[in-house]
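Contents: one structure, followed by commentary.
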Amino acid sequence: MANWNKVIAIDLTGVVLTNKVAVAQMVKQGNGSVINMSSILGVVGAAKSQAYSAAKAGVANYTKSQAVTYAKQGIRFNSVAPGYVATPLLKTLPKEVTDLMVDKMPIGRLAQPAEIANVIAFVASDEASFVTGATINVDGGYTAL
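Going by this note's numbering, the first residue of the sequence shown is number 3, and it counts up by one from there.
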């Protein structure tokens, strides 16, 4: 249970507390855009990832609730759900593990961090001014299966 509480505290409660501070400022200024980080594991789940999957699903649905709550105040809320990303952390895993990740990706490779950042930058921009309450999967087709 300790691991469950820790993961929920970091991955869900941390998002809620951060949003609370950001929203207070955005309400004062009358606009804003919040992008919360979810995960494909919040969409599909994974073995031995119950707490993480639950937290990330919670982030996605919390984001939708925030979007509805603050839409008329000019504040947009969206979440981005990355797939497996080629980060330094993944380089610490055995090659067999990362090969399994790649095998699950219809696109046939891991995402590059910039590919996730580019989606976040777009969603935060004025070009996405009508996008709110969305969870955008950036996953190389993983959740399309």
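For each residue, glycine too, the CB sits at the ideal point set by N, CA and C.
| query | Helix, strand or coil for residue 26 per DSSP? | reply | As a working mapping, residue 26 is identified with position 24 in the sequence shown. Of the three classes helix, strand and coil, the one that applies to residue 26 here is helix, per DSSP.
Based on DSSP bridge pairs, tell me the residues matched to residue 35. Here residue 35 corresponds to residue number 33 of the sequence shown, with the count starting at 1. BP columns for residue 35 point to 78.
**OP:** Please determine, among 32, 23, 146, the residue with the shortest C-alpha to C-alpha distance to residue 107.
**Re:** Against the sequence shown, residue 107 aligns to sequence position 105. For residue 107, the nearest C-alpha among the options comes from 146.
Is it the case that the region 5-17 contacts the region 57-76, given that we only count it when at least three CB pairs across the two stretches are under 8 Å?
yes
Around the C-beta of residue 68, are 16 or more other C-beta atoms found within 10 angstroms, so that it is buried, or is it exposed? Within the sequence shown, the letter at position 66 stands for residue 68. Buried: at least 16 other Cβ atoms inside 10 Å.
Practice problem: In angstroms with no decimal places, state the Cα-to-Cα distance between residue 90 and residue 84. | Solution: Translated into positions along the sequence shown, residue 90 becomes position 88. Translated into positions along the sequence shown, residue 84 becomes position 82. Taking the straight line from one Cα to the other gives about 16 Å.
For residue 44, which residues in the same chain have their Cβ closer than 7 Å to its Cβ, ignoring the five residues on either side in sequence? On the sequence shown, position 42 is the one that residue 44 refers to. 55, 58, 59, 61, 62, 83.
For a quick check, are the C-beta atoms of residue 38 and residue 65 less than 8 Å apart? Locating residue 38 in the sequence shown gives position 36, where the first residue counts as 1. Locating residue 65 in the sequence shown gives position 63, where the first residue counts as 1. For residue 38 and residue 65, yes; Cβs fall inside 8 Å.
### Task
Compare the beta carbon distance of residue 125 and residue 133 with 8 Å and say whether it is the shorter of the two.
Here the question's residue 125 lines up with position 123 in the sequence shown. Here the question's residue 133 lines up with position 131 in the sequence shown. A contact, by the Cβ cut-off of 8 Å.
message = So, for residue 46: in the same chain, excluding its five sequence neighbours on each side, which residues have a beta-carbon less than 7 Å away from its beta-carbon?
response = For the purposes of this step, residue 46 is taken as the residue at position 44 of the sequence shown. Result list for residue 46: 145, in chain order.
Is it buried or exposed, residue 28, if we count other Cβ atoms within 10 angstroms and call 16 or more buried? On the sequence shown, position 26 is the one that residue 28 refers to. Buried is the call here.
Checklist entry - Taking Cβ positions, are residue 88 and residue 113 nearer each other than 8 Å? => result In the sequence shown, the residue the question calls residue 88 occupies position 86. In the sequence shown, the residue the question calls residue 113 occupies position 111. Closer than 8 Å, so yes.
inquiry  = So for residue 94, helix, strand or coil by DSSP?
reply    = Along the sequence shown, one-based indexing puts residue 94 at 92. Note: residue 94 maps to coil in three-state DSSP.
Among 80, 102, 116, the one whose alpha carbon lies nearest that of residue 110:
As a first step, residue 110 is located in the sequence shown; it is residue number 108 there, counting from the start. It is 102 whose Cα lies nearest to the Cα of residue 110.
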